[in-house]
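What follows is a short report on a single structure.
In mature numbering (1 follows the signal peptide of the UniProt record, and there is no 0), the protein residues as written are -20 to -1, 1 to 370.
This is the structure we're talking about:
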């Protein structure tokens, strides 16, 4: 009864702030959709307002920049050729293609960086070619750099046959680029030359064998303590990292691992097909989604919630919550911290769940909508990414 009341209070307090909200959603079959969310009391409605193509055959990831009203879509095509596509985002969320460049394919993530305004270049990660590639912006001006990774021996997990960079993540200063490498159990670190876009390798952060780091998020305390948190797909865990900046302009950022906690409650663990997927930070709370655990019933996977110590950045297990989706590959928290949009890859639905910014708790399902065809568990199909337009 207490849990039900708590969820009701979260919904009553937070749902009204979502009036008129817009989201972008990509699907592995090709389309990119614009969704509108309206709410009334504790319930809401999602609807598709437009859809477009242009992001190749296998759109895998979306990045949205509100200051320029620009979205980038990254094509994970496995055919040896793909694209990065740039869209202008209208006031109604409608997308208009404004740029594109060809890639070698298998791109799973990208991030804008460098230049005089922090938007001079874009860095991308290619999973199976074991590469990162950078391009000059606006798109169409060609490739700046290609870095290919190797490793001397296979990792302990069968998927760690070669390096598998999975994300390009900018540090808070904009001076370093981090690349979680699922295959090599590394957080690769690069120093950025803002004027040329060139990346120079620094000593990497070492994850535990078999962790398989996938994505990363930053947190900073009120007193300036900085922490990096990584989601480990293969280990079904999250790690906290100490961060040390160089004392001179020629030095490198350094990482040392401080903690690793399971994405399941103490004493529990995932099954043979579970895979951690995405990580987000909001206030002093950390969230990590689990795929294929069905903790909350058929096709209802969980999201792990941790508290973050406000002074040290240490994390502690809080609870598991329902993502109201199957295979939540992607999720995003709105700017107010009152709503979470989960993207179920296999269920191919967007589920909007209420959130209490003060307690970090997730509440009831506000709205849900299937977008495109459902996927198949463990396959590269279904819904691929979701972002708030704000």
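Beta carbons are placed, not taken as given, at the ideal position from N, Cα and C, and that holds for glycine. Remember, predicted model here, so these are calculated numbers, not experimental data.
For the stretch 136 to 208, the full-length beta strand (DSSP E) segments reaching 3 residues or more read 156 to 161, 166 to 172, 179 to 186, 193 to 200 along the chain. Apart from the 5 residues on each side of it in sequence, residue 94 sits with its Cβ closer than 6 Å to the Cβ of 100, 101, 172, 174, 177 in its chain, given in chain order.
Look at residue 276 here: in three-state DSSP terms it is coil, with no helix or strand label. The continuous stretches of beta strand (DSSP E) do not include residue 338, and DSSP gives it neither H nor E.
Around the beta carbon of residue 138, fewer than 16 other beta carbons lie within 10 angstroms, which makes this residue exposed. Take the alpha-carbon of residue 37 and the one of residue 119: they are about 19 Å apart. Taking the C-beta atoms as reference points, residue 323 is found nearer than 9 Å to residue 330. With at least 16 other beta carbons inside 10 angstroms of its own, residue 168 counts as buried. Taking the CA atoms as reference points, residue 185 sits about 6 Å from residue 236.
Between residue 107 and residue 86, the CB-CB gap stays under 9 Å. If you ignore the 5 residues before and after residue 211, its C-beta comes within less than 6 Å of the C-beta of 194, 195, 218, 256, 259, 268, all in its own chain and listed in chain order. Put simply, the backbone Cα of residue 181 is about 22 Å away from that of residue 135. For residue 24, the enclosing beta strand (DSSP E) begins and ends at 23 to 32. Looking only at 79, 223, 65, the smallest Cα-Cα distance to residue 293 is reached by 223. Contact between residue 15 and residue 24 does not hold, since the beta-carbon distance rounds to 11 Å and is not under 8 Å. In the DSSP assignment, residue 360 forms no beta bridge with any residue. With a cutoff of 9 Å on beta-carbon distance, residue 141 and residue 163 are scored as near each other. Annotation: the continuous beta strand (DSSP E) that includes residue 258 extends over 255 to 262. Straight-line spacing of the CA atoms in residue 73 and residue 369 works out to 7 Å. Checking the DSSP bridge columns, you'll see residue 302 partnered with 282. Per DSSP, reduced to three states, the secondary structure at residue 232 is coil, with no helix or strand assignment. Residue pairing for residue 53: DSSP places it in a beta bridge opposite 42, 65. When 83, 203, 206, 355 are compared, the shortest CA-CA separation from residue 61 is found for 83. A direct Cα-Cα distance of roughly 33 Å separates residue 365 from residue 132. Residue 78 and residue 68 do touch by the CB rule: their CB atoms are close to 5 Å apart, below 8 Å.
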